[in-house]
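Note that this note's numbering numbers the sequence shown so that position 311 is 360, with each residue one more than the last.
Here's the structure we're looking at; comments come further down.
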Amino acid sequence: YGTASLPTSELEQLSAWLEAGAPWKSASQPSARAREQVADWETFLNGSSLKERVTARYLYEHWFLAHLYFEVLPRGPFFRIVRSTTPPGQPIVEIATRRPYDAPGVEKFWYRLRPVESTILHKTHTVYELGDRKKARLTKLFLESEWTPTAFPSYEPSAASNPFVAFSEIPARARYQYMLDDAHYFVMTFIRGPVCRGQVAVNVIEDNFFVAFVDPDHDVSVTNPRFLEESKKDLSLPAQHLSHLALGEFFLGYGLEQREYLDRREQYYAAAAPEGPTLESVWGGDGKNDNALLTVFRHWDNATVLRGWVGAVPKTAWMIDYPIFERIYYDLVAGFDVFGNVAHQASTRLYMDHLRMQAENVFISYLPADRREEIHARWYVDATNRLDYKHVAYLRDTDRGTQVSYAGPDVKTELILQILERNRAVAGPADLLNRCAEKPCRRPGATRLEAKVEEMLVEIASIRGPWVAELPEVTRLRVRGGSAAVAYTLVHNRAHTNVAYMFDEAARLVPADDTLTIVRGYLGSYPNFAFDVDVAELGAFKAALVAVDGQEALEQLAGRYGVRRTSPEFWAMMDWMTADFKRRRPTQAGLFDLGRYGNF
């Protein structure tokens with residue numbers, strides 16, 4: 050594995066297994082309680098009425114990547130939803146297709162819950178909870194709401210790839226609220242899903258940004274059905290062409306569609322809210338749902354999403370409405386073909402450029418009209434001459450104001466803090482590590498060891514300097530104190546002049562503006578390095594860390610406090626972190642991918 054040697058006993062165990070022919074034994078059968086839950090949900094998903102069938106297809110297309118688990122069994126087992134040629138009660142015969150909306154190839158099939166028998170890997174462990182409350186919520190949103198389907202959606206790519214066509218008969222309020230209820234899961238599917246593998250795929254987003262959502266009662270796609278009906282033809286996605294779309298066709302066809310859609314959107318919002326948006330139009334999770342505010346971190350060739358707004362105020366932020374949310378999902382998840390050719394992958398990535406800019410522009414529309422162009426230009430340095438920037442995704446509504454009040458010059462930060470203050474009930478604990486307004490910032494409930502460690506980490510988070518740019522993207526930090534130990538993650542956020550281009554990203558990096566975010570516990574599926582520090586040496590570690598001024602200094606720091614992949618302590622350290630993660634977050638825990646772990 051390019052790491053420290055395994056113990057002799059483990060090597061002998063592996064050798065004996067290989068000599069025996071590498072036998073594999075299926076995991077133990079789910080418990081009686083789990084089988085009861087499976088039977089209950091398979092009954093729910095295989096209702097015979099047209100309304101039930103359309104609803105089940107919509108749910109399947111949004112759950113197919115999930116590791117489903119039951120509220121009453123938070124530690125698992127986990128399940129995948131699949132289409133099977135066999136009904137509940139019989140062995141599953143899975144129908145394998147590239148996309149979840151591809152034709153099943155048989156007249157009759159059933160939705161089944163198939164146990165996940167492979168080892169749980171954190172990078173693919175995107176969990177979704179099922180239970181009585183979830184079933185009641187789905188029943189209310191989809192089966193008890195007022196709509197009457199007239200036909201089962203077509204599997205033809207031109208229709209199936211566009212959810213605004215395929216599911217046009219389901220009320221937009223039901224669809225949007227369903228996604229909002231579990232927004233963290235849905236954002237994870239495209240932030241941590243198969244599409245986000247590799248630097249070119251992930252460089253469509255900034256390294257760190259906040260996400261909020263337009264409240265359904267203020268989203269014209271929800272409040273005015275005519276808007277979506279008129280717009281659905283302009284909301285098609287590249288996947289409708291499978292892998293046969295030329296990039297020239299993409300720029301011409303999709304650029305025109307996006308422009309027409311955004312022009313129409315501007316007209317509808319100008320009529321619905323002529324004085325501009327209000328803070329009330331930001332979804333507050335109905336006062337109880339912590340999916341309302343999310344934070345995204347990009348780590349060069351992979352990414353992570355957290356609940357709450359974590360870290361210092363970032364360069365950019367997104368405000369997502371229903372058309373943006375659903376299109377991101379169908380562009381990057383449901384419609385993304387992992388076997389597709391370069392044209393498919395490129396058009397998927399380029400379409401996401403539009404969606405990123407649209408989400409940013411909705412956020413900017415909450416700022417004073419006379420500041421929007423200036424702020425937007427700072428987000429797109431050296432990219433304002435791009436055709437799609439100038440002719441498609443340019444700022445609209447510049448003559449329409451905002452109903453948000455501002456007191457100072459830093460209006461972006463002011464808006465973020467106002468949204469946070471208004472939504473304290475769902476924003477999670479205050480981020481005292483990265484947003485310590487006035488020291489001491491002591492976290493309630495912290496142990497004595499945690500309090501001592503975090504007092505030092507607050508100081509580290511507040512120090513800017515060239516040392517930040519030398520750190521890898523995701524660094525684990527374990528601090529030991531007697532018989533106890535605590536873990537944190539140091540996240541290096543790279544600054545860019547813009548993220549408007551697929552290639553030559555290195556030329557657009559601004560290392561002097563890089564930032565550091567410190568998170569309690571474990572963030573990211575691909576740790577790049579780990580430090581192991583005794584609490585008595587924490588002051589010396591901090592001094593050495595912030596003094597790093599190049600690769601040589603980083604190597605010296607790693608030699609003193611680091612756990613290199615060739616260190617004799619490497620596997621013991623990784624085992625400790627895996628066990629600690631599982632103890633702290635048993636539902637979300639999985640093995641980390643060590644393929645990107647460095648050896649400074």
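Quick reminder that beta carbons are idealized off the backbone N, C-alpha and C, glycines included.
None of these values were measured; they are calculated from a predicted model.
Rounded to a whole number of angstroms, what is the C-alpha to C-alpha distance between residue i and residue j?
| i | j | result |
| --- | --- | --- |
| S511 | N483 | 7 angstroms |
| P140 | V155 | 17 angstroms |
| A589 | V595 | 10 angstroms |
| E68 | L190 | 55 angstroms |
| E129 | A115 | Note that residue 129 is Arg in the sequence shown here, rather than Glu. Going by the C-alpha atoms only, they are around 6 angstroms apart. |
| I369 | A105 | 25 angstroms |
| E604 | G304 | 48 angstroms |
| S616 | H267 | 56 angstroms |
| V411 | Q62 | 57 angstroms |
| V460 | R421 | 10 angstroms |
| Y443 | A426 | 10 angstroms |
| T524 | V568 | 10 angstroms |
| E487 | T168 | 45 angstroms |
| K591 | R632 | 28 angstroms |
| G477 | E59 | 42 angstroms |
| P79 | L170 | 20 angstroms |
| E255 | R473 | 25 angstroms |
| F374 | A53 | 44 angstroms |
| L526 | T57 | 28 angstroms |
| T199 | T546 | 50 angstroms |
| R405 | W367 | 8 angstroms |
| W332 | V475 | 11 angstroms |
| Q407 | R313 | 14 angstroms |
Taking DSSP as the reference, what is the three-state secondary structure of residue i?
| i | result |
| --- | --- |
| Y610 | helix |
| F113 | coil |
| M551 | coil |
| Y378 | helix |
| H267 | helix |
| V387 | coil |
| I373 | helix |
| L643 | coil |
| F191 | helix |
| Y654 | The structure shown does not extend to residue 654, since the chain is modelled only from 50 to 649, so the question has no answer here. |
| W159 | strand |
| R356 | strand |
| L481 | coil |
| T546 | coil |
| F649 | coil |
| L558 | strand |
| A261 | strand |
| F590 | helix |
| L99 | helix |
| E604 | helix |
What is the residue span of the beta strand (DSSP E) that residue i lies within?
| i | result |
| --- | --- |
| G132 | Residue 132 is actually Arg in this sequence, not Gly. Here the beta strand (DSSP E) through R132 covers 128-133. |
| W367 | 365-369 |
| A579 | 578-583 |
From which residue to which residue does the alpha helix (DSSP H) around residue i run?
| i | result |
| --- | --- |
| Y400 | 391-413 |
| F619 | 619-633 |
| I465 | 460-471 |
| P433 | In the sequence under discussion, the amino acid at residue 433 is Thr, which differs from the Pro named in the question. From DSSP, T433 is part of no alpha helix (DSSP H); its letter is neither H nor E. |
| L179 | Element bounds for L179: not the alpha helix (DSSP H) but the beta strand (DSSP E), 176-179. |
| W66 | 57-68 |
| G74 | According to the sequence displayed, residue 74 carries Lys and not Gly. Taken as a continuous stretch (DSSP letters only), K74 belongs to no alpha helix (DSSP H), as it is neither H nor E. |
| K172 | Unbroken run through K172: none, as it is neither H nor E. |
| E91 | 81-94 |
Closer than 6 angstroms by C-beta to residue i: which residues in its own chain qualify, once you throw out the five before and the five after it? Chain order, please.
| i | result |
| --- | --- |
| A593 | L606 |
| V359 | T344, D480 |
| W174 | Note that residue 174 corresponds to His in the displayed sequence, not to Trp. Taken in chain order, the residues that qualify are H116, G639. |
| R124 | P635 |
| L466 | none |
| F630 | Y571, A638 |
| Y610 | F580, V582, F590 |
Check whether the Cβ of residue i sits closer than 6 angstroms to any heavy atom of the ligand ATP, and report yes or no.
| i | result |
| --- | --- |
| A105 | The ligand ATP is not among the ligands present in this structure, which contains no ligands whatsoever. |
Near residue i, what residues of its chain come up, given a Cβ to Cβ distance below 8 angstroms and the 5 sequence neighbours on each side ignored?
| i | result |
| --- | --- |
| T447 | A418, R421, E422 |
| A549 | D402, Y429, A432, R435, Y438 |
Enumerate in chain order the residues of its own chain whose CB-to-CB distance from residue i is below 7 angstroms, with the five nearest sequence positions on each side excluded.
| i | result |
| --- | --- |
| T365 | E255, F258, E409, W428 |
Every unbroken beta strand (DSSP E) inside the region 272-348 [3 residues or more]: Unbroken beta strand (DSSP E) stretches of 3 residues or longer found wholly inside the region 272-348: 343-347, given in chain order.
Any beta strand (DSSP E) of 3 or more consecutive residues that is wholly inside the region 486-539: Taken in chain order, the whole beta strand (DSSP E) runs of length 3 or more contained in the region 486-539 are 523-530.
What runs of the alpha helix (DSSP H), each 4 residues or longer, lie entirely inside the region 208-256? Residue ranges of uninterrupted alpha helix (DSSP H) with 4 or more members, entirely inside the region 208-256 and ordered along the chain, are 212-215, 221-230, 232-240, 248-251.
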